[in-house]
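Protein chains: 2
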Amino acid sequence: MAENDGSETRAKRKQAVILRAAEEVFLTSGYLGASMDDVASRASVSKQTIYKHFGDKESLFHAVVTNVVETADQEREEQAFVVGDDLRADLRRIARRLLRGVMQDRVLQLRRVVIAEAVRFPNLGRRFYELGPGSTIDKFARAVEDLRDRGLVETADPTMAAEQLNWLILSPALNRAMLLGDRHGLTPHDLDRYADAGVETFLRAHGTPDLGERDDLRL
Amino acid sequence: MAENDGSETRAKRKQAVILRAAEEVFLTSGYLGASMDDVASRASVSKQTIYKHFGDKESLFHAVVTNVVETADQEREEQAFVVGDDLRADLRRIARRLLRGVMQDRVLQLRRVVIAEAVRFPNLGRRFYELGPGSTIDKFARAVEDLRDRGLVETADPTMAAEQLNWLILSPALNRAMLLGDRHGLTPHDLDRYADAGVETFLRAHGTPDLGERDDLRL
Numbered sequence: 416m417a418e419n420d421g422s423e424t425r426a427k428r429k430q431a432v433i434l435r436a437a438e439e440v441f442l443t444s445g446y447l448g449a450s451m452d453d454v455a456s457r458a459s460v461s462k463q464t465i466y467k468h469f470g471d472k473e474s475l476f477h478a479v480v481t482n483v484v485e486t487a488d489q490e491r492e493e494q495a496f497v498v499g500d501d502l503r504a505d506l507r508r509i510a511r512r513l514l515r516g517v518m519q520d521r522v523l524q525l526r527r528v529v530i531a532e533a534v535r536f537p538n539l540g541r542r543f544y545e546l547g548p549g550s551t552i553d554k555f556a557r558a559v560e561d562l563r564d565r566g567l568v569e570t571a572d573p574t575m576a577a578e579q580l581n582w583l584i585l586s587p588a589l590n591r592a593m594l595l596g597d598r599h600g601l602t603p604h605d606l607d608r609y610a611d612a613g614v615e616t617f618l619r620a621h622g623t624p625d626l627g628e629r630d631d632l633r634l
Numbered sequence: 416m417a418e419n420d421g422s423e424t425r426a427k428r429k430q431a432v433i434l435r436a437a438e439e440v441f442l443t444s445g446y447l448g449a450s451m452d453d454v455a456s457r458a459s460v461s462k463q464t465i466y467k468h469f470g471d472k473e474s475l476f477h478a479v480v481t482n483v484v485e486t487a488d489q490e491r492e493e494q495a496f497v498v499g500d501d502l503r504a505d506l507r508r509i510a511r512r513l514l515r516g517v518m519q520d521r522v523l524q525l526r527r528v529v530i531a532e533a534v535r536f537p538n539l540g541r542r543f544y545e546l547g548p549g550s551t552i553d554k555f556a557r558a559v560e561d562l563r564d565r566g567l568v569e570t571a572d573p574t575m576a577a578e579q580l581n582w583l584i585l586s587p588a589l590n591r592a593m594l595l596g597d598r599h600g601l602t603p604h605d606l607d608r609y610a611d612a613g614v615e616t617f618l619r620a621h622g623t624p625d626l627g628e629r630d631d632l633r634l
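Same order as they appear, the protein sequences are chains R and B. For our numbering, add 415 to where a residue sits in the first sequence, where the first one is 1. For our numbering, add 415 to where a residue sits in the second sequence, where the first one is 1.
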C-alpha cells in the first residue's frame, strides 16, 4: 500500500514534469512545429513514457490547454461568480480577476498558438474555447439570471448579456495583446480600468434603477 | 507618353498579381513558413521582380495586410461612420457592415497569421492593429464625440466608449471564429444579430433620454 502510494506520487510527479516541458515546447514552437522528441528531451524521459502518460500529440496538447486555462485563474469555480448585494463591487472584483488571468503571458501565448492552428486543427481551438471563454460566459449567464431574478438586472437574453459582459471586460486589452504581442504597453492599472469600464457599461445598459444613482457611474 | 502609360499599367498589373500570390502564400503557410520562392513561382515572376516592386518579405507582408484590410470594407472612409438623425438605424448599418467585413475568411485568416507571429514579429501585428481595429476605433471615437455634442450620447470618455462599441459589435463572433476556425457555425443572420445587440447595449449604456423609448430596445 505504502509502495503503491509512492509509485502514484512518482507517476504524478513525472506527469507534471512532462506537462511543464510540453507547455514550453508548444508555446515556443507552436502546435505544428512542436516535436515529441523536444518534449521528451526537455522532460528527460523517453517518448514512450510520454505516450504512456498522455497518448498522442493532440492529447498532450489538450492536457496542456486544460492545465494552463485551469491554473490561469485559481478561483474559476462557480462560487467565484456569485454576486452579492454590492453588485458593482462584486462584478468589478470578478472582472479584474478574470482580465488579469487572461492577460498572463502563458495564457496569451497559448491563445496565439491555438488561433494559429484553428483552421488546420479545429479541435484544439474548440477545447480552448470551451474551457476558456465558453465556460466563463456560462458562469456569467447564470449570474445574470440570478441578478434578473433579484430585480437588479433587466435583460431578455441572459446569454447574450453574458457574452457581451465577458468581452466588454476582456476585449480592448486582449486584442491589443493578441496583435501587438508583448509590446502591448498595458499596465496593471490599465487592465483594472478596462475591467471596471466593462462592468460600468454592462450596468448602465442592464442595471435596474434599484441599483443606485447613475451619478455614481464614472464612464 | 502613351508608352509610359502602357508600362505603368503593366507594372500595376504585375504588382496586383504578385500581391494576390503573396496573400495566398502567407495565408496558407503563415509568415515564417512563407517563402519568396513560392510567391515568385505562384505569380510567375522572378524573385528579383518581387524585391523590385515590394522590397523584402516584411514589406511584402505589410503590403498584403494593407490590401486585405482596406478591401475588406469598401466603405471604410470617414464618411461611412457619419451618424444622422436615426441614430439606431445608422449605427446598426455601420455595425453590420463592419462585422461582415471582419468575418470574411481572408480577413480572419490574416488575423490568425498576424496573431501567430505577434511576439516574434510585433511590427506585423502593429500594422494590422493600426489599419484595422485602431482605425475603426478612431472613427467611432469621432462619431461618439459628434453624438455627444448633439446631445444624443452621454460619456466622459469617448475613446473608451468607442473601444467598447467596436468590441461589443465584433467580439462574440470574432472570438468564436478565431478559436473555432471555419467551423464557427455562425450564419449571416447570427452576425446581424450580434451587430444589432452590440449597438443596443451601447445605446442603453450611453444614449440620452432624447434618443427615444426604452421599450424600443430589444435586448
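Positions of the beta carbon are idealized from the N, C-alpha and C atoms, including for glycine.
Unbroken alpha helix (DSSP H) run spanning residue i, endpoints
i	result
Leu525(R)	520 to 531
Glu569(B)	It is not in any alpha helix (DSSP H) - Glu569(B) carries neither H nor E in the DSSP assignment.
Thr623(B)	Counting along the chain, Thr623(B) falls outside any alpha helix (DSSP H), and DSSP gives it neither H nor E.
Option in the options with minimal Cα separation from residue i
i	options	result
Leu447(B)	Trp582(B), Ile530(B), Leu601(B)	Ile530(B)
Phe543(B)	Arg557(B), Val559(B), Gln524(B)	Gln524(B)
Ala449(B)	Asp471(B), Val484(B), Gln463(B)	Asp471(B)
Ile465(R)	Pro537(R), Lys427(R), Arg508(R)	Lys427(R)
Thr635(R)	Ala620(R), His604(R), Glu438(R)	Any property of residue 635(R) remains undetermined from this structure, which presents chain R solely from 416 to 634.
Ala612(R)	His477(R), Ala478(R), Arg457(R), Leu514(R)	Leu514(R)
Thr570(B)	Asn581(B), Leu583(B), Ala556(B)	Ala556(B)
Gln463(R)	Trp582(R), Met451(R), Glu473(R)	Met451(R)
Val624(R)	Pro573(R), Arg565(R), Leu601(R), Met593(R)	At residue 624(R) the sequence reads Pro, which differs from the Val that was named. Comparing Cα positions, the closest option is Arg565(R).
Arg507(B)	Asp607(B), Val534(B), Pro603(B)	Asp607(B)
Ala510(R)	Gly445(R), Arg521(R), Asn482(R), Ala577(R)	Ala577(R)
Gln579(B)	His621(B), Leu595(B), Leu601(B)	His621(B)
Thr443(R)	Asp500(R), Pro573(R), Asp520(R), Thr424(R)	Asp520(R)
Gly540(R)	Asp572(R), His477(R), Met593(R)	His477(R)
Leu546(B)	Val484(B), Ser456(B), Phe469(B), Phe617(B)	Val484(B)
Leu567(R)	Thr424(R), Arg503(R), Arg598(R)	Arg503(R)
Arg526(B)	Thr616(R), Val432(R), Ala431(R), Met593(R)	Met593(R)
Leu475(R)	Leu585(R), Arg425(R), Asp597(R), Ala436(R)	Ala436(R)
Gly549(R)	Thr574(R), Arg535(R), Arg563(R)	Thr574(R)
Gly445(B)	Gln430(B), Arg535(B), Val498(B)	Arg535(B)
Within chain R, the residues that residue i reaches when beta carbons sit closer than 7 Å
i	result
Arg598(B)	Pro537
Glu578(B)	Pro587
Gln430(B)	By Cβ distance, chain R contributes nothing, its closest Cβ being about 26 Å from Gln430(B), past 7 Å.
Gly540(B)	Leu594, Leu595, Gly596
Where residue i sits in the DSSP three-state scheme
i	result
Arg633(R)	Note that Arg633(R) has pLDDT 41, beneath the 50 cutoff, so the model's placement of it is unreliable and the number below is only indicative. It is coil, neither helix nor strand.
Val534(B)	coil
Gly421(B)	helix
Glu628(R)	Unreliable placement is indicated for Glu628(R), whose pLDDT of 47 sits below 50; the coordinate value is still reported in the next sentence. Reduced to three states, the DSSP call for Glu628(R) is coil.
Gly596(R)	helix
Leu606(R)	helix
Leu442(B)	helix
Leu562(B)	helix
Leu583(R)	helix
Leu645(R)	Outside the shown range of chain R, which is 416 to 634, sits residue 645(R), and nothing can be said about it.
Met416(R)	Only weak support exists for where Met416(R) lies, its pLDDT of 48 falling under 50; the coordinates are left without a value.
Leu601(R)	coil
Val614(R)	helix
Under 7 Å by beta carbon: chain B residues contacting residue i
i	result
Val440(R)	In chain order: nothing, as chain B lies at least about 15 Å away.
Arg457(R)	Per Cβ cutoff of 7 Å: no residues; Arg457(R) is ~20 Å from chain B at best.
Per-residue contacts from residue i into chain R (C-beta, under 8 Å)
i	result
Phe543(B)	Leu594
Val529(B)	Leu594
Gln524(B)	Val534
Arg619(B)	Arg619, Ala620, His621
Gly445(B)	Ala531
Neighbour list for residue i in chain R, Cβ cutoff strictly below 9 Å
i	result
Asn482(B)	Here the premise fails: no neighbours, minimum Cβ distance about 18 Å.
Closer than 9 Å at the beta carbon, the chain B residues around residue i
i	result
Leu583(R)	Gln579, Trp582, Leu583, Ser586, Thr616
Met518(R)	Under the 9 Å cutoff, chain B gives no residues; its nearest Cβ is about 14 Å from Met518(R).
Met451(R)	Within chain B, no residue comes near Met451(R); the closest Cβ sits about 20 Å away, beyond 9 Å.
Ala478(R)	The premise fails here: Ala478(R) is roughly 18 Å from chain B at the closest Cβ pair, so nothing lies under 9 Å.
Ala487(R)	Simply none; closest approach about 15 Å.
Contacts that residue i makes with chain B (C-beta to C-beta distance below 8 Å)
i	result
Pro603(R)	Those do not exist, as Pro603(R) stays about 17 Å from chain B at its closest Cβ, beyond 8 Å.
Pro548(R)	Asn590, Leu594
*Could I get the ranges of all uninterrupted alpha helix (DSSP H) runs contained in the region 446 to 518 of chain B, with 4 residues as the minimum, in chain order?*
451 to 458, 462 to 469, 472 to 487, 502 to 517
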